[in-house]
Amino acid sequence: MSAGAGNGAGVVIDLRSDTVTRPTEAMRAAMAAAPVGDDAYGDDPSVLALERRTAELLGKEDAVYVPTGTMSNQIALRAHTEPGDTVLIGPGAHVWFGEAGAPSPISGVVVRPLEGERGMFDADTLRDALHIDMGPVRARMQAPVRLVCAENTHNGAGGAVWPLDLQREMLAAARDAGLATHLDGARLWNATAATGIPEADFAEGFDTVNVCFSKALGAPLGSALAGPRDLIERARRFKQLYGGGFRQAGIVAAGALYALEHNRKRLTEDHARAKTLARGLAEIPGLEVDPGAVETNIVRFRTTTLTAPEFANRCRTGNGAGKVLLNAYSRSDLRVVPHLQTTEEDVECALEVFRCAASGSG
Ligand SMILES: Cc1ncc(COP(=O)(O)O)c(C=O)c1O
Numbered sequence: 022m023s024a025g026a027g028n029g030a031g032v033v034i035d036l037r038s039d040t041v042t043r044p045t046e047a048m049r050a051a052m053a054a055a056p057v058g059d060d061a062y063g064d065d066p067s068v069l070a071l072e073r074r075t076a077e078l079l080g081k082e083d084a085v086y087v088p089t090g091t092m093s094n095q096i097a098l099r100a101h102t103e104p105g106d107t108v109l110i111g112p113g114a115h116v117w118f119g120e121a122g123a124p125s126p127i128s129g130v131v132v133r134p135l136e137g138e139r140g141m142f143d144a145d146t147l148r149d150a151l152h153i154d155m156g157p158v159r160a161r162m163q164a165p166v167r168l169v170c171a172e173n174t175h176n177g178a179g180g181a182v183w184p185l186d187l188q189r190e191m192l193a194a195a196r197d198a199g200l201a202t203h204l205d206g207a208r209l210w211n212a213t214a215a216t217g218i219p220e221a222d223f224a225e226g227f228d229t230v231n232v233c234f235s236k237a238l239g240a241p242l243g244s245a246l247a248g249p250r251d252l253i254e255r256a257r258r259f260k261q262l263y264g265g266g267f268r269q270a271g272i273v274a275a276g277a278l279y280a281l282e283h284n285r286k287r288l289t290e291d292h293a294r295a296k297t298l299a300r301g302l303a304e305i306p307g308l309e310v311d312p313g314a315v316e317t318n319i320v321r322f323r324t325t326t327l328t329a330p331e332f333a334n335r336c337r338t339g340n341g342a343g344k345v346l347l348n349a350y351s352r353s354d355l356r357v358v359p360h361l362q363t364t365e366e367d368v369e370c371a372l373e374v375f376r377c378a379a380s381g382s383g
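In this text, residue positions in the sequence shown follow this note's numbering: the first is 22, and each later residue adds one.
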């Protein structure tokens with residue numbers, strides 16, 4: 022199966038996620054040549070190099086490399102909170118809705134989603150959510166709010182970028198209330214590629230930041246949690262506790278380091294392909310999409326006649342030109358995500374498959 026590389030009869034174009042990429046030859050060469058040690062002993066040179074570079078890019082003191090974005094987010098939550106604390110999140114936050122409900126079994130916290138648009142919430146919404154001064158006895162009855170989590174770009178909101186000024190206002194409100202802050206920046210690289218604003222500027226003001234190498238950057242696996250040295254040291258303990266000490270991890274860390282140095286700038290190509298997909302989808306009867314809402318690499322769209330699973334199944338069956346894999350999220354919601362291995366020909370071919378699927382011809 023092709024992940025979208027190349028084209029021709031019967032090709033399978035995989036647009037489910039930017040996590041489906043295969044390491045390129047150059048990335049594989051970097052991985053094959055990687056010096057390794059033992060990550061659990063803290064002496065794998067490739068892991069250490071990746072951690073240093075990530076911390077530097079995010080303007081933080083330290084970073085810890087972990088196998089997945091889920092582990093990175095969840096060790097952050099565990100490091101920031103005590104069981105019984107409240108964690109505030111934005112609408113549709115991956116940290117809660119996309120990670121098997123991990124905050125409750127792992128950290129024992131109460132998760133409270135705030136209202137907002139496109140996965141974001143503003144400073145006033147945050148202030149309103151905090152306990153009003155009700156005196157010490159009634160305050161004791163509440164689960165204290167300890168942590169605020171933001172997500173940038175926002176996966177569920179179609180890769181929306183949290184504008185820096187609004188993010189800063191929200192962070193100032195969190196700081197005034199004495200709250201800790203965590204950024205799920207799984208696709209922060211895309212926010213930077215879309216705006217030209219350095220990752221460190223988006224990361225500034227957050228205590229901890231998760232970034233993923235295994236998504237748009239195209240590394241085979243791995244994420245990192247960055248933040249102040251003492252907090253990252255505490256997070257390292259939870260990484261070990263959850264079974265994340267992954268020994269000769271330098272082999273995959275070298276792939277992540279390669280991705281970091283070579284694949285950030287090219288993300289604008291994915292963004293351009295996402296726009297082309299959105300414009301093409303907007304012209305197909307039976308589908309609805311707002312191309313203006315596409316800021317990065319994720320295109321969310323809706324079916325109006327078929328159900329989303331019916332449409333996705335038809336695309337999977339495909340036509341003479343090819344087959345397309347894509348994710349349905351509800352009765353009418355779907356998404357497509359172009360990535361490192363999605364070519365312009367794949368985009369044209371995918372749009373042809375979508376036209377046939379929507380019209381019932383094949
Ligand atoms: C915004 C966001 N955060 C975290 C994750 C979790 O990453 P992983 O799949 O590596 O656990 C994802 C995965 O898609 C994500 O989209």
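Don't be surprised by glycine CBs; every beta carbon is placed ideally from N, CA and C.
Judged by DSSP in its simplified three-state form, residue 232 adopts strand. Straight through space, the alpha carbons of residue 166 and residue 309 are spaced by roughly 39 Å. For a cut-off of 8 Å, the C-beta gap from residue 141 to residue 79 is around 20 Å, too long to register as a contact. For the options 228, 359, 68 and 340, the alpha carbon positioned closest to that of residue 31 is the one of 340.
As the crow flies, the alpha-carbon of residue 37 is around 46 Å from that of residue 161. A direct Cα-to-Cα measurement between residue 326 and residue 39 gives close to 27 Å. Between the stretch 223–231 and the stretch 293–311 there are fewer than three C-beta pairs closer than 8 Å, too few to call the two in contact. If you check the CB distance, residue 144 and residue 194 come in under 7 Å. When the five nearest sequence neighbours on each side are left out, the beta carbons in the same chain lying within less than 7 Å of the beta carbon of residue 256 are those of 85, 96, 97, 100 and 246, in order along the chain. Residue 352 and residue 329 have their C-alpha atoms spaced approximately 5 Å apart. Looking at 178, 158, 147 and 157, the one whose alpha-carbon comes closest to that of residue 169 is 147.
Residues close to ligand 1 by the beta carbon criterion (under 5 Å to any non-hydrogen atom) are, from first to last along the chain, 89, 90, 91, 115, 176, 205 and 207.
The DSSP-derived three-state label of residue 310 is coil.
In this structure, 319 is the residue among 42, 379, 319 and 335 with its C-alpha nearest to the C-alpha of residue 181. Ranked by how close their Cα comes to the Cα of residue 203, the residues 41, 333, 157 and 108 have 108 in first place. Residue 167: member of the beta strand (DSSP E) spanning 166–172, first to last residue.
The DSSP assignment places 66–79, 90–101 and 115–118 as complete runs of the alpha helix (DSSP H) inside the stretch 62–143, in order along the chain (cut-off: 4 residues). Distance from residue 139 to residue 175 at the Cβ level is roughly 6 Å; contact confirmed, criterion being Cβ atoms closer than 8 Å. Counting only runs of at least 3 residues, the stretch 240–264 fully encloses the following beta strand (DSSP E) elements, listed from N- to C-terminal order: 244–248. With contact defined as three or more Cβ pairs closer than 8 Å, the stretch 366–375 and the stretch 45–53 are not in contact.
Closest in alpha carbon position to residue 298, among 374, 65, 229 and 349, is 374.
Residue 90 places its beta carbon 7 Å or farther from that of residue 240. Residues 44, 48, 51, 52, 240 and 241 of the same chain have their beta carbon placed closer than 7 Å to that of residue 276, with the five preceding and five following residues left out of the count.
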